[in-house]
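This report refers to the structure that appears directly beneath it.
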Amino acid sequence: MARADLSLGGLTRYYRQSSTLQKVLFIVGTLLLVVMVFHLAALLITGGPLSGPISLRKPATFAETGWLLCWSVGWLLPLVKLKSWEKGFVAAGALLFGVGETLVAAVQAWRGVPFHYYVPTPFDGVIFGFAGIDAAVFLASVLVLLRASLRHQELAPSLLLAVRLGTVILFVGTLTGVLMILNWSGVWQGGPPGLFRPGFDTDNANFSEGAVGGNLVVIHAVGVHGLSLMLLPAWLLTLSRLREGRRVRLTAAVGGATLAGLAVLQVAALTLRPLGSLDLWAELLLGVTLVGFFWSYLLVGRAALRGLAA
């Protein structure tokens, strides 16, 4: 893969040469970035809460996830060999997830009501139901991308590894999000998910505030950034002058650290341990994965800067 031209002219040429589908993803991603900045500014001006079920942070968070996802998929589409319907479905899944989740989060936040697990009126039920449907569609689109990436691809080994690991991490995060919806909570308390429990009352269910159990939210939050977390170092490595073998090892280090950290969090969640109550070994393992992740990213960034300076 040729080194990217980061000049204004180079970026303009890249955009002009992009397909219509790519341009839509880049434009929508940019609009979501603006939405994120707007809600962060509104949060700062109004002095609203950062946490809790009602916060302008929620649409800002979903917009942040959405713009990174749309840009990542836009960059990825011409690189991975996809059938026409696969390309359209993967792009549609990213757009639906990015725009849909941000839209419903913003509507509920400005109404002053919770976004998640809140269905006291038919309108709120439709809002939350839509969020569940677009999560399911997005999950299906991620599976399509994963299946395509496992076919023979004419990509550099490091980039192909980044695509595959990023898609796996994204799948884990999205599947965890679907589990949270079925559980009616981001806190796992064992047994079948909430909606499958006999007599489960959604009107009196909590919004995870004060609930004790395994934390699914962090797994979901990290996982849905999986594609971006892996494609960024892959792109940065194209700016470097490292040999392909070294690029593969750095890519594997980033992905391995991320997956290992998610595994620790998954075990803690399924054994009903809150993040503040992890045992010593779990804390050590999580610490090692965090150090490994950031150290690998640091090495990638240094290699990219050296490549640009050469």
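Each position in the sequence shown, counted from 1, maps to that position plus 23 in the working numbering. All C-beta atoms in this analysis are idealised placements derived from N, C-alpha and C, irrespective of residue type, glycine included. Fair warning: this is a prediction, and the values are worked out from it, not measured in the lab.
Item to check | Nearest residue (CA-CA) to Leu105, options Val167, Ala163, Gly123, Ala115 | outcome: Val167
Item to check | Selected residue, minimal CA-CA separation from Ser212, among Gly237, Ile192, Phe219 | outcome: For the sequence presented, residue 212 should be read as Gln rather than Ser. When only C-alpha atoms are compared, the closest one is Gly237.
Next on the checklist: Quick check on this structure: which residue in Leu193, Ser181, Gly209, Leu218 has the alpha carbon closest to the alpha carbon of Ala276?
Outcome noted: Ser181
Checklist entry - Run through DSSP, which three-state label would Val136 get? => result coil
Checklist entry - Taking the alpha-carbon positions, what's the Gly33 to Thr125 distance? => result 31 Å
Next on the checklist: Tell me the residue span of the alpha helix (DSSP H) that contains Leu250.
Outcome noted: 249–261
Next on the checklist: With the cut-off set at 7 Å, would you say Leu118 and Gly189 are in Cβ contact?
Outcome noted: no
Checklist entry - In whole angstroms, what is the alpha-carbon distance linking Leu63 and Leu184? => result 34 Å
Checklist entry - From the beta carbon of Val210, is the nearest beta carbon of chain B less than 7 Å away? => result Considering every chain present, this structure includes no chain B. It has just one protein chain.
Item to check | Reduced DSSP secondary structure (H/G/I, E/B, other) of Gly237 | outcome: strand
Checklist entry - Are there three or more Cβ pairs, one per stretch, closer than 8 Å when the segment 80–91 is compared with the segment 38–50? => result no
Checklist entry - Do the segment 244–252 and the segment 152–160 make contact, defined as three or more Cβ pairs closer than 8 Å? => result no
Checklist entry - Between which two residues does the alpha helix (DSSP H) containing Arg270 stretch? => result 267–293
Next on the checklist: Three Cβ pairs or more, each shorter than 8 Å: is that satisfied between the segment 135–143 and the segment 258–267?
Outcome noted: no
Checklist entry - Among the residues of its own chain, which have a CB less than 8 Å from the CB of Leu12, if the five just before and after it don't count? => result This structure cannot settle anything about residue 12, because the visible part of the chain is limited to 24 through 333.
Checklist entry - Between Ile242 and Leu288, which are expected to be in contact by the criterion C-beta below 8 Å, what is the C-beta distance as a whole number of angstroms? => result 5 Å
Next on the checklist: Just to confirm before moving on: does the CB-CB distance between Ala286 and Ala305 stay below 7 Å?
Outcome noted: no
Checklist entry - Considering Phe161, what are the terminal residues of the alpha helix (DSSP H) in which it resides? => result 145–172
Checklist entry - Any idea what DSSP makes of Trp318, helix, strand or coil? => result helix
Checklist entry - In or out: Val235 buried (at least 16 other Cβ within 10 Å) or exposed? => result exposed
Next on the checklist: Tell me the DSSP secondary structure of Val195 in three-state form.
Outcome noted: helix
Checklist entry - Which first and last residues belong to the alpha helix (DSSP H) in which Ile87 is found? => result It is Glu, not Ile, that sits at residue 87 in the sequence shown. Run containing Glu87: 80–99, per the alpha helix (DSSP H) assignment.
Checklist entry - Are the CB atoms of Asp157 and Gly123 nearer to each other than 7 Å? => result yes
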